[in-house]
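Q: Chains as they are written, first to last, in our numbering: chain A, 1 to 337; chain B, 338 to 674. By construction, the Cβ of each residue, glycine as well, lies at the ideal position given by its N, Cα and C atoms.
There are 2 protein chains.
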Amino acid sequence: MARIEDVAARAGVSTATVSRALRGLPNVSAATRAEVVRAARELGYVASRSASNLASGRTWSVAVLAPSISRWYFAQVLGALEHELRPQGYDVLLHSLPPGREEVFDATRLVRRVDAVVVLTVPLTGAELDVLRGLALPTVFVGASVPGATCVRVDDVAVGRLATEHLLSRGHRRIAHVGGDPAEPLNFQAPVDRRAGWMSALRGAGVAPRREYDTNGSFTSVGALAAAEALITLDEPPTAVFAASDEMAFGVLAAARRRRLRVPHDLAVVGVDDHPLAVVADLTTVAQDVVRQGSLAAQLVLAALADGPAHPREHVLVPVTLVRRGSSDGGVRTGSH
Amino acid sequence: MARIEDVAARAGVSTATVSRALRGLPNVSAATRAEVVRAARELGYVASRSASNLASGRTWSVAVLAPSISRWYFAQVLGALEHELRPQGYDVLLHSLPPGREEVFDATRLVRRVDAVVVLTVPLTGAELDVLRGLALPTVFVGASVPGATCVRVDDVAVGRLATEHLLSRGHRRIAHVGGDPAEPLNFQAPVDRRAGWMSALRGAGVAPRREYDTNGSFTSVGALAAAEALITLDEPPTAVFAASDEMAFGVLAAARRRRLRVPHDLAVVGVDDHPLAVVADLTTVAQDVVRQGSLAAQLVLAALADGPAHPREHVLVPVTLVRRGSSDGGVRTGSH
DNA sequence: CTGTTAGCGCTTTCAC
DNA sequence: GTGAAAGCGCTAACAG
Numbered sequence: 001m002a003r004i005e006d007v008a009a010r011a012g013v014s015t016a017t018v019s020r021a022l023r024g025l026p027n028v029s030a031a032t033r034a035e036v037v038r039a040a041r042e043l044g045y046v047a048s049r050s051a052s053n054l055a056s057g058r059t060w061s062v063a064v065l066a067p068s069i070s071r072w073y074f075a076q077v078l079g080a081l082e083h084e085l086r087p088q089g090y091d092v093l094l095h096s097l098p099p100g101r102e103e104v105f106d107a108t109r110l111v112r113r114v115d116a117v118v119v120l121t122v123p124l125t126g127a128e129l130d131v132l133r134g135l136a137l138p139t140v141f142v143g144a145s146v147p148g149a150t151c152v153r154v155d156d157v158a159v160g161r162l163a164t165e166h167l168l169s170r171g172h173r174r175i176a177h178v179g180g181d182p183a184e185p186l187n188f189q190a191p192v193d194r195r196a197g198w199m200s201a202l203r204g205a206g207v208a209p210r211r212e213y214d215t216n217g218s219f220t221s222v223g224a225l226a227a228a229e230a231l232i233t234l235d236e237p238p239t240a241v242f243a244a245s246d247e248m249a250f251g252v253l254a255a256a257r258r259r260r261l262r263v264p265h266d267l268a269v270v271g272v273d274d275h276p277l278a279v280v281a282d283l284t285t286v287a288q289d290v291v292r293q294g295s296l297a298a299q300l301v302l303a304a305l306a307d308g309p310a311h312p313r314e315h316v317l318v319p320v321t322l323v324r325r326g327s328s329d330g331g332v333r334t335g336s337h
Numbered sequence: 338m339a340r341i342e343d344v345a346a347r348a349g350v351s352t353a354t355v356s357r358a359l360r361g362l363p364n365v366s367a368a369t370r371a372e373v374v375r376a377a378r379e380l381g382y383v384a385s386r387s388a389s390n391l392a393s394g395r396t397w398s399v400a401v402l403a404p405s406i407s408r409w410y411f412a413q414v415l416g417a418l419e420h421e422l423r424p425q426g427y428d429v430l431l432h433s434l435p436p437g438r439e440e441v442f443d444a445t446r447l448v449r450r451v452d453a454v455v456v457l458t459v460p461l462t463g464a465e466l467d468v469l470r471g472l473a474l475p476t477v478f479v480g481a482s483v484p485g486a487t488c489v490r491v492d493d494v495a496v497g498r499l500a501t502e503h504l505l506s507r508g509h510r511r512i513a514h515v516g517g518d519p520a521e522p523l524n525f526q527a528p529v530d531r532r533a534g535w536m537s538a539l540r541g542a543g544v545a546p547r548r549e550y551d552t553n554g555s556f557t558s559v560g561a562l563a564a565a566e567a568l569i570t571l572d573e574p575p576t577a578v579f580a581a582s583d584e585m586a587f588g589v590l591a592a593a594r595r596r597r598l599r600v601p602h603d604l605a606v607v608g609v610d611d612h613p614l615a616v617v618a619d620l621t622t623v624a625q626d627v628v629r630q631g632s633l634a635a636q637l638v639l640a641a642l643a644d645g646p647a648h649p650r651e652h653v654l655v656p657v658t659l660v661r662r663g664s665s666d667g668g669v670r671t672g673s674h
């Protein structure tokens with residue numbers, strides 16, 4: 001493997017010049033740079049990451065913490081982050097925290113290992129967060145609101161409200177909620193907020209949220225299917241369901257199908273995300289631009305990296321939009337209005 | 338940030354001993370080791386990755402190349418890989434190749450950067466593969482068959498055959514296929530093989546595969562929906578569809594729903610994967626144990642890393658199983674047999 | 001604009 | 001069982 005010294009020898013310059021030339025730093029004449037680039041190419045030279053890390057203190061990598069990447073949302077954000085960071089020369093280090101993990105996440109593992117951290121819907125305890133803060137690495141949270149930190153997220157209360165108000169506007173009054181597990185790890189705010197939005201919209205319309213309409217789908221389609229079956233068999237079943245994710249909404253649709261309920265006539269359904277299958281399932285949903293959130297987070301990371309420690313914290317709210325489809329609106333194919 | 342020297346000073350030993358003690362190497366007395374560990378903990382010492390990389394040549398990281406992680410399959414394998422590799426001390430470097438990428442993937446970027454590479458369903462050109470081979474890094478391919486390399490995959494011809502034979506056994510003769518884009522990048526073998534399995538099963542049953550039944554769903558639900566709508570409106574529409582992925586099967590189910598076809602009575606559907614939504618959609622599918630493939634790949638990587646360059650190549654075929662559900666079999670809720 | 005020279009913080013022979 | 005010392009391959013002052 002060629003070393004910088006070999007390139008220097010071949011180009012007839014010093015290693016310092018090679019380093020400058022190859023990294024595009026100023027103070028290198030065009031001719032010299034061309035010569036160095038040629039020599040490097042001829043030798044197939046690639047700088048050793050560890051050596052330059054060690055010498056410069058920059059690792060050119062960013063850690064992404066996520067609770068399981070198997071859910072569509074996380075995979076999507078992760079992809080967007082990577083597509084934004086890699087062209088800028090950063091590697092993405094995946095760090096998924098097993099759900100229901102026993103061990104404490106030890107942020108010190110990241111020290112001198114990455115230049116920045118992106119945390120997706122932080123399933124971290126307060127103590128873990130403190131350690132992370134202690135590292136003084138640029139950190140961006142996606143999908144969570146952490147006081148004093150840079151965050152990219154949607155307003156989840158608004159999400160719940162938007163979905164529910166839409167159902168109210170279609171004349172529904174018996175609107176159920178299928179959400180996340182209330183016993184989730186700390187700081188997992190989205191489900192709580194979406195539920196709050198549901199309640200707030202109902203109350204705003206003078207409808208009292210019923211306890212038996214407030215169910216837990218564990219953020220999985222199977223969980224939501226079970227929750228929906230229970231709802232459907234109530235003495236007074238809901239006429240509409242707000243599911244806090246599209247994946248759960250698919251479970252609700254499946255339950256309706258099994259019970260031979262017509263959607264949206266017998267049961268209207270609204271989800272959250274605009275999952276790729278939502279259009280195919282003709283599911284009304286509150287779309288959150290997931291890729292945009294990932295890209296924004298990446299840009300904030302890059303900005304913080306460029307500005308140094310004095311970089312101001314920001315809190316970016318990405319707008320959401322209601323995408324009306326047949327599951328709540330009637331429509332050419334499924335509708336009955 | 339504490340350095341090894343600080344720990345050495347505090348423990349009253351040399352840096353060499355600290356290094357040995359902390360890495361669990363032999364030739365350190367129990368007492369010394371305990372003392373070192375204590376000093377390290379007290380100082381919050383974590384070894385600098387770059388420094389130890391530089392000194393030892395090991396990076397303790399593994400690159401995972403994947404074509405977009407937004408598809409369920411990739412996210413799943415990636416998750417499994419990480420869960421297996423991290424406990425062994427390896428970091429996972431994500432390297433997703435944008436679909437339809439223009440640039441050539443330059444494997445030399447991995448040199449001195451990672452200890453091993455895992456390639457998911459290799460969308461690499463021959464030249465790219467050659468460079469990768471030239472790196473002489475332990476490499477494992479998942480979901481692809483690369484001559485002379487270590488591979489973990491399912492027998493995709495068998496997958497197609499299994500699905501199709503199941504439909505034949507249910508009495509179907511007009512069985513369509515919704516697959517991947519034939520113009521996909523090189524080496525993306527799975528769709529080709531699944532299609533071959535479909536044809537082979539048909540021929541084995543004395544049924545001639547019809548050209549108009551062989552369609553392209555681009556491995557997306559929307560693509561499959563369109564393909565299925567075209568199939569349904571044929572003069573002589575199929576009575577069953579084999580979709581080469583569950584995501585595509587969902588598109589087919591949606592098309593059936595839109596056209597008010599009853600599943601499986603008017604149209605039977607079989608997918609591939611056993612996606613979490615498959616059970617909810619009551620979709621018959623050829624299950625491939627994706628997590629298992631990821632874990633196996635990780636174990637092969639670890640074995641190769643342990644054995645050194647002399648490690649033998651292996652080719653592991655993970656078995657698949659048909660999971661019968663209502664979309665092809667009738668059944669309590671959706672059936673009509 | 002370019003070269004010289006110290007390190008960056010570890011690991012690893014080789015002695016002891 | 002432990003220590004001394006020589007690097008690993010690069011970057012970053014500082015001269016010139």
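1) Is leucine 639 of chain B near alanine 577 of chain B, with beta carbons less than 8 angstroms apart?
2) Can you list, in chain order, the residues of its chain with a C-beta nearer than 8 angstroms to that of aspartate 452 of chain B? Leave out the 5 residues immediately preceding and following it.
3) At the level of alpha carbons, what is the spacing between valine 660 of chain B and serine 506 of chain B?
4) Locate the alpha helix (DSSP H) running through aspartate 666 of chain B, then write down its first and last residues.
5) What is the rounded straight-line gap between the Cα of glutamine 425 of chain B and the Cα of threonine 321 of chain A?
6) Following the continuous beta strand (DSSP E) through asparagine 216 of chain A, name the residue where it begins and the one where it ends.
7) By the DSSP assignment, the beta strand (DSSP E) with valine 119 of chain A in it spans what residues?
8) Could I get the ranges of all uninterrupted beta strand (DSSP E) runs contained in the stretch 21-95 of chain A, with 3 residues as the minimum, in chain order?
9) Helix, strand or coil for aspartate 530 of chain B? Go by DSSP, reduced to three states.
10) Measure the alpha-carbon distance for leucine 387 of chain B versus serine 393 of chain B and round it to whole angstroms.
11) Looking at chain A, is there any beta carbon in it that lies within less than 8 angstroms of the beta carbon of glutamate 421 of chain B?
12) Alpha carbons only, please: which of A:Arg174, A:Pro319, A:Arg194, A:Pro191 is nearest the one belonging to arginine 210 of chain A?
13) In this structure, how does DSSP classify aspartate 274 of chain A when only helix, strand and coil are distinguished?
14) Under a CB-based cut-off of 8 angstroms, is glutamine 76 of chain A close to chain B?
15) According to DSSP, is valine 468 of chain B helix, strand or coil?
16) Under a CB-based cut-off of 8 angstroms, is asparagine 524 of chain B close to chain A?
17) On the CB-based measure, 16 or more other CB atoms within 10 Å of its CB, does glutamate 379 of chain B come out buried or exposed?
18) Give me the DSSP bridge partner(s) of threonine 285 of chain A.
19) Compute the Euclidean distance between the alpha carbons of alanine 533 of chain B and valine 600 of chain B, then round it to the nearest angstrom.
20) Excluding the 5 residues flanking valine 207 of chain A on each side, which residues of the same chain have their C-beta closer than 8 angstroms to its C-beta?
21) Using the rule of at least 16 other Cβ atoms within 10 Å of the residue's Cβ for burial, across every protein chain shown, is leucine 25 of chain A buried or exposed?
22) Taking the alpha carbon of valine 477 of chain B as the point to measure from, which residue in B:Ser632, B:Ala384, B:Asp493 has its own alpha carbon closest?
23) Which of the three DSSP states is assigned to leucine 97 of chain A in this structure?
24) To the nearest angstrom, how far is the alpha carbon of arginine 438 of chain B from that of arginine 423 of chain B?
25) Straight-line CA distance for threonine 354 of chain B to valine 344 of chain B?
26) Among the candidates A:Phe250, A:Gly143, A:Ala66, A:Arg133, whose CA atom is the shortest distance from the CA of alanine 107 of chain A?
27) Nearest chain A C-beta to alanine 618 of chain B closer than 8 angstroms, yes or no?
28) Can you tell me which of the three DSSP states histidine 166 of chain A falls into?
29) Give a yes or no on whether the C-beta atoms belonging to arginine 650 of chain B and threonine 487 of chain B are separated by under 8 angstroms.
30) Can you check whether the C-beta of isoleucine 69 of chain A is within less than 8 angstroms of a C-beta belonging to chain B?
31) Flag valine 578 of chain B as yes if its beta-carbon sits less than 8 angstroms from any beta-carbon of chain A, otherwise no.
32) Taking the CB atoms as reference points, tell me whether arginine 357 of chain B and valine 365 of chain B lie closer together than 8 angstroms.
33) Compare the C-beta of phenylalanine 105 of chain A with all C-beta atoms of chain B and state if any pair is closer than 8 angstroms.
34) Please tell me whether phenylalanine 587 of chain B has its Cβ less than 8 angstroms away from any Cβ of chain A.
35) For leucine 193 of chain A and valine 159 of chain A, what's the separation of their Cα atoms in angstroms?
36) Taking C-beta to C-beta, are serine 385 of chain B and serine 405 of chain B nearer than 8 angstroms?
A: The relevant details are as follows:
1) Taking the first residue of the second sequence as position 1, residue 639 of chain B is located at position 302. Taking the first residue of the second sequence as position 1, residue 577 of chain B is located at position 240. No. Outside cutoff.
2) Taking the second sequence and counting its residues from 1, one reaches residue 452 of chain B at position 115. The answer, listed in chain order, is Arg395, Thr396, Trp397, Ser398, Val399, Tyr427, Leu474, Pro475, Leu642.
3) Translated into positions along the second sequence, residue 660 of chain B becomes position 323. Translated into positions along the second sequence, residue 506 of chain B becomes position 169. Straight-line Cα distance between these residues: approximately 14 angstroms.
4) Locating residue 666 of chain B in the second sequence gives position 329, where the first residue counts as 1. Run containing aspartate 666 of chain B: 663-666, per the alpha helix (DSSP H) assignment.
5) If you number the second sequence from 1, residue 425 of chain B lands on position 88. If you number the first sequence from 1, residue 321 of chain A lands on position 321. Computed Cα separation, rounded: 44 angstroms.
6) Indexing the first sequence from 1 puts residue 216 of chain A at position 216. Start and end: 214-216.
7) Taking the first sequence and counting its residues from 1, one reaches residue 119 of chain A at position 119. Looking at the DSSP string, the run of the beta strand (DSSP E) that includes valine 119 of chain A is 116-120.
8) 61-66
9) The residue given as residue 530 of chain B occupies position 193 in the second sequence. DSSP places aspartate 530 of chain B in helix when its eight states are reduced to three.
10) Locating residue 387 of chain B in the second sequence gives position 50, counting from the first residue. Locating residue 393 of chain B in the second sequence gives position 56, counting from the first residue. Note on residue identity: the sequence assigns serine, not leucine, to residue 387 of chain B. Computed Cα separation, rounded: 10 angstroms.
11) The residue given as residue 421 of chain B occupies position 84 in the second sequence. Chain A, which has no Cβ nearer than 8 angstroms to the Cβ of glutamate 421 of chain B, makes this no.
12) Within the first sequence, numbered from 1, the residue matching residue 210 of chain A stands at position 210. The option with the nearest alpha carbon to arginine 210 of chain A is A:Arg174.
13) By 1-based counting over the first sequence, the position of residue 274 of chain A is 274. Of the three classes helix, strand and coil, the one that applies to aspartate 274 of chain A here is coil, per DSSP.
14) Against the first sequence, residue 76 of chain A aligns to sequence position 76. So, interface residue.
15) Position 131 of the second sequence, counting from 1, holds the residue named residue 468 of chain B. Helix at valine 468 of chain B.
16) Translated into positions along the second sequence, residue 524 of chain B becomes position 187. Since pLDDT at asparagine 524 of chain B reaches only 49, below the 50 mark, its modelled position is unreliable, and no value is offered.
17) Position 42 of the second sequence, counted from the first residue, corresponds to residue 379 of chain B. Counting Cβ neighbours within 10 Å, glutamate 379 of chain B comes out exposed, since fewer than 16 surround it.
18) Here residue 285 of chain A corresponds to residue number 285 of the first sequence, with the count starting at 1. Paired residue(s): A:Gly271, A:Val323.
19) If you number the second sequence from 1, residue 533 of chain B lands on position 196. If you number the second sequence from 1, residue 600 of chain B lands on position 263. Alanine 533 of chain B and valine 600 of chain B: Cα-Cα distance of roughly 25 angstroms.
20) As a working note, residue 207 of chain A is residue 207 in the first sequence. Correct list, in chain order: Leu168, Arg173, Ile175.
21) For the purposes of this step, residue 25 of chain A is taken as the residue at position 25 of the first sequence. Exposed: under 16 other Cβ atoms inside 10 Å.
22) Within the second sequence, the letter at position 140 stands for residue 477 of chain B. Taking only the C-alpha atoms, the option nearest valine 477 of chain B is B:Ser632.
23) Translated into positions along the first sequence, residue 97 of chain A becomes position 97. Of the three classes helix, strand and coil, the one that applies to leucine 97 of chain A here is coil, per DSSP.
24) As a position in the second sequence, residue 438 of chain B is number 101, starting the count at 1. As a position in the second sequence, residue 423 of chain B is number 86, starting the count at 1. If you take the alpha carbons of arginine 438 of chain B and arginine 423 of chain B, they lie about 30 angstroms apart.
25) Working through the second sequence from its first residue, we reach residue 354 of chain B at position 17. Working through the second sequence from its first residue, we reach residue 344 of chain B at position 7. C-alpha separation (whole angstroms): 10 angstroms.
26) In the first sequence, the residue the question calls residue 107 of chain A occupies position 107. That would be A:Arg133, whose Cα lies nearest to the Cα of alanine 107 of chain A.
27) Residue mapping note: residue 618 of chain B aligns to position 281 of the second sequence, counting from 1. Chain A contact via Cβ: present.
28) Here the question's residue 166 of chain A lines up with position 166 in the first sequence. Three-state result, histidine 166 of chain A: helix.
29) Within the second sequence, the letter at position 313 stands for residue 650 of chain B. Within the second sequence, the letter at position 150 stands for residue 487 of chain B. Yes, they are a contact pair.
30) The residue labelled residue 69 of chain A in the question sits at position 69 within the first sequence. Yes, its Cβ sits closer than 8 angstroms to a Cβ of chain B.
31) For the purposes of this step, residue 578 of chain B is taken as the residue at position 241 of the second sequence. With 8 angstroms as the cut-off, valine 578 of chain B does not count as an interface residue toward chain A.
32) For the purposes of this step, residue 357 of chain B is identified with residue 20 of the second sequence, where counting begins at 1. For the purposes of this step, residue 365 of chain B is identified with residue 28 of the second sequence, where counting begins at 1. Yes. Within cutoff.
33) Mapped onto the first sequence, residue 105 of chain A falls at position 105. By this cut-off, phenylalanine 105 of chain A is not an interface position.
34) Numbered from its first residue, the second sequence carries residue 587 of chain B at position 250. Closer than 8 angstroms: yes.
35) Here residue 193 of chain A refers to the residue found at position 193 when the first sequence is read from its first residue. Here residue 159 of chain A refers to the residue found at position 159 when the first sequence is read from its first residue. Leucine is not the amino acid found at residue 193 of chain A; the sequence shown has aspartate there. Near 8 angstroms, if we compare the C-alpha coordinates of valine 159 of chain A and aspartate 193 of chain A.
36) In the second sequence, residue 385 of chain B corresponds to position 48, counting from 1. In the second sequence, residue 405 of chain B corresponds to position 68, counting from 1. Cβ atoms of serine 385 of chain B and serine 405 of chain B: not closer than 8 angstroms.
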